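J.: Shown below is the structure under consideration.
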């Protein structure tokens, strides 16, 4: 806990993209997130790790408006919208502000092609309405062209150009994760939340995925918030790491610090109570 | 069932006789032949059978193209004769109805009718297009031909169209004085006698323009095909030909059936089509189950009754039925929004129940709000379609037999644009957003799609066509009764959509046509023990059989077919009843 408070004081407000302050989320009697505070700097790759049930995905759901935390505020400093408290905003509004996410279990639109999957993300911010679509008005045609080109660019970025007419459900698992990333990027986000992007992929796919995430971060300047179980991936990618356990931030800092943190080791390896005490 | 069909007069023709004598036998032979061919095809593909004539058949298009493209004099002469014969048949086919139609001497008689020569012009023009294309394909270095210049093509198209028009109707200049545009009657110089001629003239012009723009379109198609390959399985020309053919059949074929079936086509199948196309937006595109769809239909019908002064409450002014249509559309859409906003937060079964309730509310209001709707006794005569402009006078009567065909064409004038609108809607941002919401609402929302907005939109757009259907139907029926808008109508429309194939416009049309025909067939066909009240039972049987043997419908949409496969593999839900896939993880 002491580490967490340290980082809050060192970070300056202006270059943060996310400021999560004292967020508490309860489901009935179960507290999923307990007084969680977290900051992400603009352009940073930040990882959130923790054992199963630690509340990582709940945190993501709070950040994207799926859940509404009972307490706390989540400030999102969007370059385009200024500072907004996104608690209580609906998911589509948050998406338009510049927060995009992927899901832990792959949630593709299975009956659509790869191309269409990405295009849905790209065109969600466009203005064409049903009348324009029915009558093929000029704006609709222009926007279609724009989204077609952007979609092709994104397909190329994630390396799926050769699969653009494949149905999403016939893609191999690794490609599906890439597709999901491309789809999220299509909404032109400022921050991209990746929920276990490497789950279920093989080692070589993992390497390629890490490379992709780094490329996205470097080339487009999108900040990345990452949940991942694969420690090697996290340590190689993340600039800073937050560790959640039982809904609380137990540690935060550079990868090296985290690796040597006793609380983290205890949380992951399930060290018994007395051993934790002797460590301290 | 007490749908709109319950008011039908007794059959004018003994169509049982007609059905049993030729049609049914024909259908059976066709079905058997089709089945045999499919089995055969399957065996050939599986390698069980070796077919030499199959190769020969697949080579036909190539040979035919080569034949048309060749510049030999004999080939040209043969083509000319073929074109003449085809043109004669088309000319006879599209001409006014006479007895012994398509009899050989009638066909020959068309030689005297100058319309024929217009068809010859079109056929030659099409053949020439094929020739130019084949030549440009065969040789890389294209020889500059006179016919290749764009201006020649445009001029040729215009000339072909004008020539056609003039040939088909020598009195064209006189007719354009507008005093000739009389809508009804059967004399030789009224508008309806010749309006199909104008239609095909227009198509002729279109052929010319297309031929002129062909190079440009082909170039664009090549650029697009890289990422549009999934949508364009047939070439643009083939598609154009298919559309033209479908239009041709839709316009010309009802002339060949008797008055009873003309009325059936309008009253049953046509109205079903409009309703089903609309409900398809809600069920097929957006994946929401709406069991109260008939309410919008009722609103359309009562709007027409209101504005023609047929209700106890009188409007401030009565207006022409044509102008009621946009009002009815607005009323139906507004009702869709009002119903949708509070209820669309629900999903699956709950939504179905709420919409069911809405349908019943409208039904009960129509029955019991006697001082507004005249209650169960039915309204006065709702406005029918009439026009009284300088030069254009007509009044369609809902009761006159000769107006059935005219009502049908009126209906066609609404259905065809709606088909195109909804098709492009389905392949646009809106359609993809619906698909996304249907498949995974959480993911869709995370991508910035306002799910509630799109669902309400689906309700409103779906409701709009039933507003139109309500006006058209009430104009034809005259008086309207609350019983026309009972729950069974909603259920029937749901069956049409499910039977035809959710999400597939073509499928829904087929569903409407088949079930519309089937119900009508049952109503007046007295095979042993059949009672018209058993209709619901037959509908139920169709629904059950569909669900067992082909749950995706007769002509499913590609997306829907995929979803059904996924559902079988436990990858997602396919039916509109299911909640969104899984919880939020």
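Protein chains in written order, with our numbering: chain L, 5 to 284; chain S, 5 to 589. For every residue, glycine included, the Cβ atom is placed at its ideal position computed from N, Cα and C. No experiment lies behind these values; they were computed from the predicted model shown.
Which residue marks the beginning of the alpha helix (DSSP H) containing residue 25 of chain L, and which one marks its end?
T.: On the first chain, residue 25 of chain L is found 21 positions in, with the first residue counted as 1. That residue, residue 25 of chain L, is in no alpha helix (DSSP H); its beta strand (DSSP E) goes 20-31.
J.: Quick one: does residue 241 of chain L have its CB under 8 angstroms from some CB of chain S?
T.: In the first chain, the residue the question calls residue 241 of chain L occupies position 237. Not one chain S Cβ lies under 8 angstroms of residue 241 of chain L.
J.: Closer than 9 angstroms, Cβ to Cβ, to anything on chain L: give me those residues from the stretch 340-359 of chain S, in chain order.
T.: Near chain L, meaning a CB-to-CB distance below 9 angstroms, no residue of the stretch 340-359 of chain S qualifies.
J.: Run down chain L in chain order and give the residues with a C-beta less than 7 angstroms from the C-beta of residue 454 of chain S.
T.: By 1-based counting over the second chain, the position of residue 454 of chain S is 450. Near residue 454 of chain S (Cβ distances below 7 angstroms), the residues of chain L are 96.
J.: Compare the C-beta of residue 570 of chain S against all C-beta atoms of chain L and say whether one is closer than 8 angstroms.
T.: By one-based count along the second chain, residue 570 of chain S stands at place 566. With 8 angstroms as the cut-off, residue 570 of chain S counts as an interface residue toward chain L.
J.: Check whether the Cβ atoms of residue 501 of chain S and residue 512 of chain S sit closer than 8 angstroms, and answer yes or no.
T.: To locate residue 501 of chain S, count along the second chain from 1; it is residue 497. To locate residue 512 of chain S, count along the second chain from 1; it is residue 508. Between residue 501 of chain S and residue 512 of chain S, the gap from beta carbon to beta carbon is short of 8 angstroms.
J.: Restricting to runs no shorter than 4 residues, where is the alpha helix (DSSP H) found entirely within the stretch 132-217 of chain L?
T.: Taking only runs of at least 4 residues, the alpha helix (DSSP H) segments lying wholly in the stretch 132-217 of chain L are 134-139, 142-161 and 177-189.
J.: Any idea what DSSP makes of residue 52 of chain L, helix, strand or coil?
T.: Here residue 52 of chain L refers to the residue found at position 48 of the first chain. Three-state result, residue 52 of chain L: strand.
J.: Note down, in chain order, every chain L residue with its Cβ under 9 angstroms from the Cβ of residue 437 of chain S.
T.: Numbered from its first residue, the second chain carries residue 437 of chain S at position 433. Result: 124, 127 and 128.
J.: Taking the alpha carbon of residue 371 of chain S as the point to measure from, which residue in S:299, S:290 and S:417 has its own alpha carbon closest?
T.: Position 367 of the second chain, counted from the first residue, corresponds to residue 371 of chain S. Checking every option, the nearest Cα to that of residue 371 of chain S belongs to S:299.
J.: Give me the DSSP bridge partner(s) of residue 484 of chain S.
T.: Looking up residue 484 of chain S in the second chain gives position 480. DSSP output for residue 484 of chain S lists no bridge partner at all.
J.: Would residue 425 of chain S pass as an interface residue toward chain L - the criterion being a Cβ-Cβ separation below 8 angstroms?
T.: Taking the first residue of the second chain as 1, we reach residue 425 of chain S at position 421. Residue contact with chain L for residue 425 of chain S: present (Cβ-Cβ distance below 8 angstroms to some residue of chain L).
J.: Look at the alpha carbon of residue 73 of chain L and the alpha carbon of residue 516 of chain S, and state the distance between them as a whole number of angstroms.
T.: The residue labelled residue 73 of chain L in the question sits at position 69 within the first chain. The residue labelled residue 516 of chain S in the question sits at position 512 within the second chain. Answer to the nearest angstrom: the Cα atoms are 50 angstroms apart.
J.: Spell out the partners DSSP gives residue 86 of chain L in its beta bridges.
T.: Taking the first residue of the first chain as 1, we reach residue 86 of chain L at position 82. According to DSSP, residue 86 of chain L bridges with L:82.
J.: With a cut-off of 8 angstroms on the beta carbons, I'd call residue 266 of chain S and residue 409 of chain S a contact; round off their distance for me.
T.: Mapped onto the second chain, residue 266 of chain S falls at position 262. Mapped onto the second chain, residue 409 of chain S falls at position 405. Between residue 409 of chain S and residue 266 of chain S the Cβ distance is about 5 angstroms, and since that is below 8 angstroms, they are a contact.
J.: Ends of the alpha helix (DSSP H) at residue 121 of chain L?
T.: Locating residue 121 of chain L in the first chain gives position 117, where the first residue counts as 1. From DSSP, the alpha helix (DSSP H) with residue 121 of chain L extends over 118-127.
J.: Would you please verify whether the beta carbon of residue 227 of chain L is less than 8 angstroms from any beta carbon of chain S?
T.: Mapped onto the first chain, residue 227 of chain L falls at position 223. No, residue 227 of chain L does not count as interfacial toward chain S.
J.: Indicate whether at least one CB of chain L lies closer than 8 angstroms to the CB of residue 337 of chain S.
T.: Your numbering for residue 337 of chain S matches position 333 in the second chain. By this cut-off, residue 337 of chain S is not an interface position.
J.: Compare the C-beta of residue 554 of chain S against all C-beta atoms of chain L and say whether one is closer than 8 angstroms.
T.: As a first step, residue 554 of chain S must be located in the second chain, where it is residue number 550. Chain L contact via Cβ: absent.
J.: Run the CB neighbour count on residue 36 of chain S, radius 10 Å, all protein chains shown included, and call it buried at 16 or more, exposed below.
T.: Within the second chain, residue 36 of chain S is the residue found at index 32, counting from 1. With fewer than 16 other Cβ atoms within 10 Å, it is exposed.
J.: Quick check on residue 42 of chain L: does DSSP put it in helix, strand or coil?
T.: Counting from one through the first chain, the residue named residue 42 of chain L turns up at place 38. Correct three-state label for residue 42 of chain L: strand.
J.: Measuring straight from C-alpha to C-alpha, what distance separates residue 189 of chain S and residue 263 of chain S?
T.: On the second chain, position 185 is the one that residue 189 of chain S refers to. On the second chain, position 259 is the one that residue 263 of chain S refers to. Model confidence at residue 189 of chain S stands at a pLDDT of 43, short of 50, so the residue's coordinates are unreliable and nothing is read from them.
J.: Count the CB pairs spanning the stretch 314-326 of chain S and the stretch 434-443 of chain S that are closer than 8 angstroms, and state whether there are at least three.
T.: no
J.: Go through its chain and collect everything with a Cβ distance to residue 170 of chain L's Cβ below 7 angstroms, but skip five positions before and after it.
T.: Counting from one through the first chain, the residue named residue 170 of chain L turns up at place 166. Excluding positions up to five away in sequence, the list reads 117 and 118.
J.: Run through DSSP, which three-state label would residue 571 of chain S get?
T.: Counting from one through the second chain, the residue named residue 571 of chain S turns up at place 567. Residue state, collapsed to three classes: helix.
J.: With respect to the alpha helix (DSSP H) encompassing residue 544 of chain S, which residues constitute its N-terminal and C-terminal limits?
T.: Numbered from its first residue, the second chain carries residue 544 of chain S at position 540. Per DSSP, residue 544 of chain S belongs to the alpha helix (DSSP H) from 539-553.
J.: Quick one: using the 10 Å Cβ neighbour count with 16 as the cut-off for buried, is residue 85 of chain S buried or exposed?
T.: Here residue 85 of chain S corresponds to residue number 81 of the second chain, with the count starting at 1. Residue 85 of chain S is exposed by the Cβ-count criterion.
J.: Would you tell me roughly how many angstroms separate the C-alpha atoms of residue 324 of chain L and residue 220 of chain L, rounded to the nearest one?
T.: Nothing about residue 324 of chain L can be reported from this structure: the residues present for chain L run from 5 to 284 only.
J.: For residue 38 of chain L, which residues from the same chain have a beta carbon less than 7 angstroms from its beta carbon, with the 5 sequence-adjacent residues on both sides left out?
T.: Along the first chain, read from residue 1 onward, the residue named residue 38 of chain L stands at position 34. Taken in chain order, the residues that qualify are 28, 251 and 252.
J.: Please look up how many angstroms separate the CB atoms of residue 231 of chain L and residue 198 of chain L, rounded, as I've assumed it's under 8 angstroms.
T.: Position 227 of the first chain, counted from the first residue, corresponds to residue 231 of chain L. Position 194 of the first chain, counted from the first residue, corresponds to residue 198 of chain L. Contact between residue 231 of chain L and residue 198 of chain L holds: their C-beta atoms lie close to 7 angstroms from each other, under 8 angstroms.
J.: At which residues does the alpha helix (DSSP H) containing residue 492 of chain S begin and terminate?
T.: Counting from 1 along the second chain, the entry for residue 492 of chain S is found at position 488. 491-504 is the extent of the alpha helix (DSSP H) around residue 492 of chain S.
J.: Go through its chain and collect everything with a Cβ distance to residue 289 of chain L's Cβ below 7 angstroms, but skip five positions before and after it.
T.: Residue numbering for chain L in the displayed model covers 5 to 284; residue 289 of chain L lies beyond these limits and cannot be assessed.
J.: Compare the C-alpha of residue 139 of chain L against each of S:326, S:453 and S:427 and name the closest.
T.: Here the question's residue 139 of chain L lines up with position 135 in the first chain. Selected option, being the one with the closest Cα: S:427.
J.: Have a look at residue 165 of chain L and residue 147 of chain L and give me their C-alpha separation to the nearest angstrom.
T.: Here residue 165 of chain L corresponds to residue number 161 of the first chain, with the count starting at 1. Here residue 147 of chain L corresponds to residue number 143 of the first chain, with the count starting at 1. One C-alpha to the other measures close to 21 angstroms.
J.: Tell me, please, whether the stretch 420-437 of chain S touches the stretch 152-168 of chain L by the rule of three or more beta-carbon pairs shorter than 8 angstroms.
T.: no
J.: Would you mind reading off the limits of the beta strand (DSSP E) that contains residue 246 of chain L?
T.: Here residue 246 of chain L refers to the residue found at position 242 of the first chain. Per DSSP, residue 246 of chain L belongs to the beta strand (DSSP E) from 244-249.
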